[in-house]
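Residue numbers (the numbering used here), protein chains in the order written: chain A, 1 to 179; chain B, 1001 to 1147.
Worksheet for the structure shown next.
Right, dumping it as structure tokens:
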């Protein structure tokens, strides 16, 4: 995933540790912990619309803030760490595979859209919400070898728009305060 | 901080909504009234498992492949008299409607999906890799032969 951005490759493995500064490690660790708490809060909210993949994704607020405040490398690191740990703790291996696919697609999308400098935080986040769901759907289709699973697409698209806008608004507010 | 919402955001939003509406419309059109030859095809693990007439009365226990997930099955196999498997779905065909009445998976999406009765409709259980769909050999419009 992170190959999409050449300067991010250093964060992938500990054996590249020489490229990791202490402040980077501390910062990412802090943000990953924060994101994990959001994941947990979301996991314990007893809300189940009956379709997997529909949720607010509050944890992505941290990813968006990391992207805008510290750059793509931080955003990717926070996102991957959060998903792997949340997967092991509460979402299960399946959830983890879906989330990783979604995060992969949405991170690439966010980084590219942010580069164009045409979109606000809300716009980038909205696109990320949709792309996240799309990535999950791709994995689902590959797993069941059944393209017809794309009948979930409209539902996931709209829920992605709503969740993305929500995350974008929260992120904007936080980013303003952080300024 | 740049503007809260910019022009490109609105354009993107409209484009996404239009795509969503178009996809919904396309899906609604692929859904047709099932004819009297309509069949229910049950696929497990990417292969066809069984085929029944939509108007038969059947309750089928479909064993699922071993999970690559570490999620333990939520429903104990012993709770169901029919189920002899750790991972399974129970598909019920009755009165021209198909539903999944029981599933070993955690999220129970296929059970909550309710019943289907139109050509082109599907019920999917991702954890158990189960696909149940209705096809009509004479239905036209919808591609009945895919596998």
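For glycine and all other residues, C-beta sits at the position ideal for the given N, C-alpha and C.
In this structure, the straight-line span from the alpha carbon of residue 153 (chain A) to that of residue 1040 (chain B) is close to 23 Å. With a threshold of 8 Å between beta carbons, residue 1062 (chain B) makes no contact with chain A. Residue 1089 (chain B) sits in a strand when the DSSP states are folded into three classes. Non-local beta-carbon contacts of residue 87 (chain A) in its own chain, meaning distances under 7 Å to residues more than five positions away in sequence, involve 93, 95, 96 and 99 in chain order. Between residue 78 (chain A) and residue 25 (chain A), the gap from beta carbon to beta carbon reaches 8 Å or more. Legend: CB atoms of the segment 146–166 of chain A lying less than 7 Å from CB atoms of chain B belong to residues 146, 148, 149, 151, 153, 154, 157, 158 and 161. The residue from A:118, A:75, A:54 and A:76 with its alpha-carbon nearest to that of residue 1005 (chain B) is A:118.
Nearest Cα to residue 1029 (chain B) within the set B:1133, B:1118, B:1129 and B:1124: B:1118. The beta-bridge partner set that DSSP reports for residue 1039 (chain B) consists of B:1053 and B:1135. Secondary structure of residue 143 (chain A) (DSSP, three-state): helix. According to the DSSP secondary-structure assignment, residue 1130 (chain B) is paired through a beta bridge with B:1044 and B:1125. Assigned with DSSP and collapsed to three states, residue 1115 (chain B) falls in coil, not helix or strand. Taken atom to atom, the span from the alpha-carbon of residue 114 (chain A) to that of residue 137 (chain A) is near 24 Å. DSSP lists no beta-bridge partner residue for residue 42 (chain A). Of all residues in the segment 63–79 of chain A, none is placed with a Cβ closer than 7 Å to any Cβ belonging to chain B.
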